[in-house]
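Peer 1: If you're matching them up, the sequences are chains V and B in order.
For the first sequence, my numbering gives the first residue as 1, with consecutive numbering after it.
For the second sequence, my numbering gives the first residue as 275, with consecutive numbering after it.
Glycine included, each C-beta is placed from N, C-alpha and C at the ideal position.
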Amino acid sequence: MTSDRRRAGLLVAPAVLFLAGFFLGPLLLGVGVSLGHGPGGTPGFGQYTRLLGDSYYWEVARNTLGLAAAVTALTLAIGYPYALILTRAGGVAKTLLLLLVVAPLMVNVVVRTFGWMVVFGRAGLLNALLRGLGLPELDILNSWTAIAIALAHVLLPFMVLSIAATLEGLDPALGEAAATLGADPWRQFRHVLLPLSLHGAITGCLLVFALCMGSFVTPLVMGNNRTMVLAVLVYQQLTVTSDWAFAATLGLVLLALVLAVFWLQARLARRLAA
Amino acid sequence: MNPRGQLAIAGAVKRFGATAAVDGVDLAVQPGEFVALLGPSGCGKTTLLRGIAGLTALDAGRIALDGVDLAGVPPWRRGLGMVFQSYALFPHMTVAENVGFGLRMHGIGGAEAAARIARTLDLVRMEGFAQRRPAQLSGGQQQRVALARALVTEPPVLLLDEPLSALDAKLRHAMRQELRELQRRLGITALFVTHDQDEAMGLADRIAVMNRGRIEQIAPPETIYRRPASAFVAEFVGRMNRLDAEGRGMVRPELVTIRAAGEMLAGEDGREGSVVDGVFIGDRIEIHVACEGGRLVALAQAQADRPPPAIGSRVRACWRQSDVLTYPG
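(1) What alpha helix (DSSP H) runs, 4 residues minimum, are completely inside the region 335-418 of chain B?
(2) Give me whichever residues DSSP pairs with V:Cys205 in a beta bridge.
(3) Grab the span of the alpha helix (DSSP H) containing B:His447 for me, first residue to last.
(4) How is V:Phe18 classed by DSSP in three states: helix, strand or coil?
(5) With 8 Å set as the bound, which would you pick, yes or no: does the beta-carbon of B:Arg418 sit closer than that to a beta-carbon of chain V?
(6) For the beta strand (DSSP E) containing B:Leu573, list its first residue and its last residue.
(7) Work out the CA separation of V:Leu264 and V:Val240 for me, nearest whole Å.
(8) What residues in its chain sit with their C-beta under 7 Å from that of V:Ala247, if we drop five residues either side in the sequence?
(9) Where V:Leu27 and B:Pro408 are concerned, what is the direct C-alpha to C-alpha distance, given to the nearest angstrom?
(10) Using the DSSP secondary-structure output, state which residues sit across from B:Asp565 in a beta bridge.
(11) Does DSSP put B:Asp300 in a helix, in a strand, or in coil?
(12) So which residues on chain B does V:Ala245 lean against when the C-beta distance must stay under 7 Å?
(13) Using 8 Å for Cβ pairs, my map puts B:Arg545 next to B:Ala505. What's the rounded Cβ distance?
(14) State the Cα-Cα distance for the pair B:Met275 and B:Thr463, rounded to the nearest angstrom.
(15) Are the region 356-375 of chain B and the region 214-225 of chain V touching, with three or more C-beta to C-beta distances below 8 Å?
(16) Report yes if the CB atom of V:Ala245 is closer than 8 Å to the CB atom of V:Ser34, and no otherwise.
(17) Buried or exposed for V:Thr113, going by 16 or more other Cβ atoms inside 10 Å?
(18) With respect to the alpha helix (DSSP H) encompassing V:Phe114, which residues constitute its N-terminal and C-terminal limits?
(19) State buried or exposed for V:Thr95, treating a residue as buried only when at least 16 other CB atoms are found within 10 Å of its CB.
(20) Within its chain, find whatever has a CB closer than 6 Å to the CB of V:Gly121; leave out the 5 residues flanking it on each side and keep chain order.
(21) Go through its chain and collect everything with a Cβ distance to V:Gly134's Cβ below 6 Å, but skip five positions before and after it.
(22) Identify which residue in V:Val229, V:Phe23 and V:Leu268 has its Cα closest to the Cα of V:Val60.
(23) Taking only beta-carbon positions, decide if V:Ala179 is within less than 8 Å of chain B.
(24) Given this structure, state the Cα-to-Cα distance separating B:Arg500 from B:Pro494, to the nearest angstrom.
(25) Are B:Gln280 and B:Val296 touching if we call contact CB-CB under 8 Å?
(26) For V:Leu211, I'd like the list of residues in its chain whose CB is within less than 8 Å of its CB, leaving aside the five on either flank, ordered along the chain.
(27) I want to see whether chain V comes within less than 8 Å of B:Asp364, judged by CB atoms only; does it?
(28) Can you tell me whether B:Gly285 is buried or exposed? The criterion is at least 16 other CB atoms within 10 Å of its CB, across all chains shown.
(29) Counting only beta-carbon separations shorter than 8 Å, does B:Gly376 have a partner in chain V?
(30) Could you pull the start and end residues of the beta strand (DSSP E) that B:Val485 belongs to?
(31) CB-CB under 7 Å to B:Ala535, same chain, minus the five flanking residues each way: which ones, in chain order?
(32) Taking C-alpha atoms, which residue in B:Val530, B:Gln417, B:Asp333 and B:Val507 lies nearest to B:Ala292?
(33) Among V:Gly115, V:Leu257, V:Ile202 and V:Asn225, which has the Cα closest to the Cα of V:Gly79?
(34) Would V:Ala179 and B:Phe375 be called neighbours here (beta carbons separated by less than 8 Å)?
(35) Give me the residue from B:Ile561, B:Gln471, B:Val309 and B:Gly313 with the minimum Cα distance to B:Lys573.
(36) Using a cut-off of 7 Å between C-beta atoms, extract the partners of V:Ala173 located in chain B.
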């Protein structure tokens with residue numbers, strides 16, 4: 001038993017060391033810096049009171065949460081039906097559908113973002129299309145809408161794969177049993193498939209939400225300073241104003257927000273499971 | 275009330291690509307009858323059952339329930355009860371909710387639903403388990419719940435797709451008996467798919483033996499055993515000795531008698547050979563004789579006062595000429 005335990009300890013040691021060295025260490029460092037223990041800082045909660053007292057930062061935090069929520073909702077709305085079709089498809093169709101959804105992951109984030117800029121630009125594809133249809137042009141390149149669409153594009157695979165994995169694991173006879181008991185396709189879905197795949201949908205939502213909260217390249221490049229999220233703000237504090245203490249504080253606030261949402265969703269999941 | 279649950283299948287065909295899984299099946303099941311669809315895997319028995327349930331669309335043929343053509347009727351409007359091989363209990367619902375699902379889908383709720391759920395759970399002796407989840411039940415208990423779920427709406431026909439195959443041998447025997455008694459008590463028509471001949475023999479009023487998408491014979495178990503209509507049925511049901519390589523002549527092991535070499539009665543045929551094995555199986559003994567043209571097996575009552583022939587001894591395996599089953603090659 002002790003030797004088993006020792007062997008298990010040895011096996012997890014690399015992961016523990018890695019996390020301690022490259023995640024926990026910097027995190028503690030960040031806490032220290034945010035409390036003024038960095039270069040040129042004054043110890044205390046000054047950064048936190050500054051952040052909480054300025055309505056601008058509240059607004060950025062709201063925007064960041066709003067963007068993540070919108071992207072999560074968008075990927076869920078597209079991803080759930082997509083996963084449903086994916087699990088029911090067979091052969092070549094399935095491979096193609098799978099390839100289609102993971103394709104954005106194979107393109108570098110910067111390239112992909114520029115791609116969307118070409119689509120949404122003033123003289124871009126979207127406006128060319130609208131012109132062709134005789135409709136008024138849109139100036140949405142630097143808007144929240146454009147950023148949300150671009151983020152939903154790249155985060156969709158996380159949603160689709162989470163839901164598809166759950167759906168694939170379900171016995172096909174479950175839907176058939178419901179059918180023989182009098183449930184039409186909608187009620188088979190509503191009473192059997194949907195409740196049994198909620199778990200996958202929640203996992204997908206958590207993944208997309210967390211990745212969206214931390215996304216930085218797309219809002220930075222597409223937002224062009226007209227739209228601000230916490231991650232971009234942290235970057236600016238570091239590179240433009242060189243305010244390390246405040247950057248660390250903002251970073252920790254971002255982390256706290258993500259953890260708070262995780263906690264809420266975990267509670268929701270437990271309520272649903274009961 | 276008129277007896278209901280009469281099933282008439284005519285010319286049923288289902289193709290998967292180039293192969294016909296069901297290749298022209300005619301089958302008439304009377305109200306209250308228990309029919310087993312017996313055959314090796316891939317013989318089309320499950321496809322036929324799914325076709326009746328409406329879960330698989332047939333390419334040709336007609337299925338009628340109490341005189342009503344089921345063509346174009348989706349499974350959720352057929353009102354047939356079905357028990358699946360995997361049970362397919364809804365894991366997110368309690369036992370009561372599982373059993374009540376069919377009632378709920380038919381708009382029956384409240385006190386009536388509660389009473390019917392309780393009565394059906396009682397019927398399968400699962401009355402104390404209403405609030406459990408399927409994952410908290412044993413295989414046999416899950417089986418009973420699946421049965422209750424299929425029976426609660428009082429369907430005219432119960433379709434069972436290898437429902438006992440996931441249980442261990444002892445439980446399978448007990449459940450078989452229970453299923454038979456329940457079916458008789460309710461007077462429900464039952465169609466039971468199995469690859470296990472003992473199960474088919476022990477349950478069914480009639481057995482339909484299927485092979486390559488067709489029914490080779492449909493008859494009561496005894497007829498199937500004593501007068502198999504084809505060489506396939508003869509060899510698939512029970513044990514059989516082939517008297518030639520092609521299987522034109524066959525005789526059941528229990529109809530083979532071991533006599534001393536050179537001995538034979540009038541009206542008998544026989545072959546000489548040497549005993550290669552004697553297997554004691556409780557009340558009976560199985561004697562394997564290596565003859566010219568192949569091995570013959572004789573199944574005889576084990577008698578304490580008469581020891582079986584020694585291995586290596588010369589004997590004559592004999593059978594009555596009238597007991598030989600012959601089929602055109």
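Peer 2: Looking at the coordinates:
(1) 349-352, 369-379 and 384-397
(2) Looking at the DSSP assignment, V:Cys205 forms no beta bridge with any residue, so it has no partner.
(3) Ala443 to Leu460
(4) helix
(5) no
(6) Gly568 to Gln575
(7) 35 Å
(8) Val234, Gln237 and Leu238
(9) 45 Å
(10) First, the amino acid is wrong: residue 565 of chain B is Cys here, not Asp. Paired residues: B:Gly547 and B:Gly568.
(11) strand
(12) In chain order: nothing, as chain B lies at least about 50 Å away.
(13) Not a contact, Cβ separation roughly 20 Å.
(14) Confidence is the limiting factor: at B:Met275 the pLDDT is only 42, short of 50, which leaves the residue's position unreliable, though a coordinate-based value still follows. Answer to the nearest angstrom: the Cα atoms are 15 Å apart.
(15) no
(16) yes
(17) buried
(18) Val109 to Phe120
(19) exposed
(20) Leu141
(21) none
(22) V:Val229
(23) yes
(24) 10 Å
(25) no
(26) Leu155 and Phe158
(27) Checking the displayed sequence, the identity of residue 364 of chain B turns out to be Phe instead of Asp. Chain V, which has a Cβ nearer than 8 Å to the Cβ of B:Phe364, makes this yes.
(28) exposed
(29) yes
(30) Note that residue 485 of chain B is Asn in the sequence shown, not Val. Here the beta strand (DSSP E) through B:Asn485 covers Arg480 to Asn485.
(31) Glu546, Arg588, Val589 and Arg590
(32) B:Asp333
(33) V:Ile202
(34) no
(35) In the sequence as displayed, the identity of residue 573 of chain B is Leu instead of Lys. For the residues B:Ile561, B:Gln471, B:Val309 and B:Gly313, the minimum Cα distance to B:Leu573 belongs to B:Ile561.
(36) Phe358, Ser360 and Ala362
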